[in-house]
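Have a look at the structure below, then the notes.
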Amino acid sequence: MSDPVTALDGQSITGQITIADAGPTGMVTLRANFASATVMTGLVDVGLVVPDANQIASGDGTTTLWMSPDEVMILCDYDDAEAQAQSLGDALASAHALAINVSDARCVFRLTGQGGAIRDVLAKLSPADLRPSALPVGMVRRTRLAQVPVAFWFSSDTDATLICFRSVGGYVFDLLSKVSEPGSAVGYFG
Amino acid sequence: MLILSCPYCGVACDETELQPGGEAHLTRFGPDASDADFEGYLFRRKNPRGVHFERWRHAYGCGKWFHAARHTVTLEVFGTYPAQVTEPPPDILDAIAAKVPGWEPSS
Ligand SMILES: [Zn+2]
Numbered sequence: 057m058s059d060p061v062t063a064l065d066g067q068s069i070t071g072q073i074t075i076a077d078a079g080p081t082g083m084v085t086l087r088a089n090f091a092s093a094t095v096m097t098g099l100v101d102v103g104l105v106v107p108d109a110n111q112i113a114s115g116d117g118t119t120t121l122w123m124s125p126d127e128v129m130i131l132c133d134y135d136d137a138e139a140q141a142q143s144l145g146d147a148l149a150s151a152h153a154l155a156i157n158v159s160d161a162r163c164v165f166r167l168t169g170q171g172g173a174i175r176d177v178l179a180k181l182s183p184a185d186l187r188p189s190a191l192p193v194g195m196v197r198r199t200r201l202a203q204v205p206v207a208f209w210f211s212s213d214t215d216a217t218l219i220c221f222r223s224v225g226g227y228v229f230d231l232l233s234k235v236s237e238p239g240s241a242v243g244y245f246g
Numbered sequence: 348m349l350i351l352s353c354p355y356c357g358v359a360c361d362e363t364e365l366q367p368g369g370e371a372h373l374t375r376f377g378p379d380a381s382d383a384d385f386e387g388y389l390f391r392r393k394n395p396r397g398v399h400f401e402r403w404r405h406a407y408g409c410g411k412w413f414h415a416a417r418h419t420v421t422l423e424v425f426g427t428y429p430a431q432v433t434e435p436p437p438d439i440l441d442a443i444a445a446k447v448p449g450w451e452p453s454s
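Which chain is which? The protein sequence lines are A and B, in order.
Quick note: the first sequence uses the working numbering, first residue 57, plus one each step.
Quick note: the second sequence uses the working numbering, first residue 348, plus one each step.
Structure below.
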């Protein structure tokens, strides 16, 4: 099999913050009715914890993002994604549910920076409320970055992850690079 | 700028994260309806100066359709509520009555 290549192909740039390709990342989208007992029993069997609304749950080498009332995204090792999708599909075979490997359909960015620099950079492009009280560590926010949909979350005050569709990966990289240029600091979040 | 809270995910959405869906609580007239009813269903929309019920979709977020009750002049938002209803819930009507004395739902 050929090697996976991300849309950013390993690019990174440092301005006010460092914007870097997170590399090949396993991503599995699961859509199901989480109020259904059949679904939840199946998910317990595979050890998947469905996070509360807008929250993130960490599991055994995986991170699960709440995407909507009937959708979660599971992040895992790139090489494990296909098996993850398969085991979820098997576990939910008797329910109306869909688990699919979307690893190559998304683009993952790692954002690192000191103080409130990451929040300042994101706030230039997104209408989301980026105050730490509204978007604390451990919460995921799906929103808009300039003209395209994205989701981002903070793992710590100095480390965030952003995902977008693969086809707009270059656009998002250019946008983030531009608003992170040295000399354009806002300093609102410190 | 309009901020509506999505009743499904609780996110305070900026207007630009939402897709507008026009007037809410329309009655659908199908194949056996009169021409006038069908025309009304397709084309006739309220455009009030005042209280208005609208459909919105959390397009850049959870993707769900929901309802909002707001004032088209003051832009005050009385509340948002899920899409699976055919008329505004009592708490929304109470919120409107408290803010807009004398307001009556129009047919
Ligand atoms: Zn929502």
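A virtual CB, placed ideally from N, CA and C, is assigned to each residue, including glycine.
The model shown is predicted, which means the values in this text are computed figures rather than measured ones.
Excluding sequence positions up to five before and after Leu365(B), its CB lies within less than 8 Å of the CB of Leu351, Trp403, Arg404, His405, Ala406, Tyr407, all in the same chain and listed in chain order. Straight across, the Cα-Cα distance linking Pro378(B) with Cys409(B) is about 33 Å. For Thr62(A), there is no enclosing beta strand (DSSP E), as DSSP gives it neither H nor E. A distance below 9 Å separates the beta carbons of Asn157(A) and Glu138(A). In terms of beta-carbon proximity, Thr427(B) stays away from the interface with chain A, with every pair separated by 9 Å or more. Every alpha helix (DSSP H) stretch that sits fully inside the region 70-134 of chain A and reaches 4 residues is listed by chain position as 93-101. Excluding five sequence positions before and after Phe385(B), the CB atoms of its chain that fall closer than 6 Å to its own CB belong to Phe376, given in chain order. Checking the 8 Å criterion, the Cβ of Tyr355(B) is within range of a heavy atom belonging to ligand 1. Of the other Cβ atoms in all chains shown, 16 or more fall within 10 Å of the Cβ of Thr217(A); this residue is therefore buried.
The residue from Val358(B), Ala359(B), Thr363(B), Pro354(B) with its alpha-carbon nearest to that of Gln203(A) is Thr363(B).
Taking a C-beta distance under 9 Å as the contact criterion, Phe413(B) and Pro452(B) do not qualify as a contact pair. About 3 Å separates the CB atoms of Cys163(A) and Gly225(A); that is less than 8 Å, so the two are in contact. The beta carbon of Ala109(A) falls within 9 Å of a beta carbon belonging to chain B, placing the residue at that interface. Residues of the region 353-374 of chain B with a C-beta atom less than 9 Å from some C-beta of chain A are Tyr355, Cys356, Gly357, Val358, Ala359, Cys360, Asp361, Glu362, Thr363, Glu364, listed in chain order. Val128(A) counts as buried, since no fewer than 16 other beta carbons sit within 10 angstroms of its beta carbon.
Considering only beta carbons, the part of the region 196-208 of chain A lying closer than 8 Å to chain B consists of Arg197, Arg198, Thr199, Arg200, Pro205, in chain order. Within the region 113-125 of chain A, contact with chain B at the beta-carbon level (separation under 9 Å) is assigned to Trp122, Met123, Ser124, Pro125.
Runs of the alpha helix (DSSP H) lying entirely within the region 160-188 of chain A, each at least 4 residues long, are 173-179 in chain order.
In summary, the residues of the region 378-408 of chain B whose CB is separated from some CB of chain A by less than 9 Å are His405, Ala406, Tyr407, Gly408, in the order they occur in the chain.
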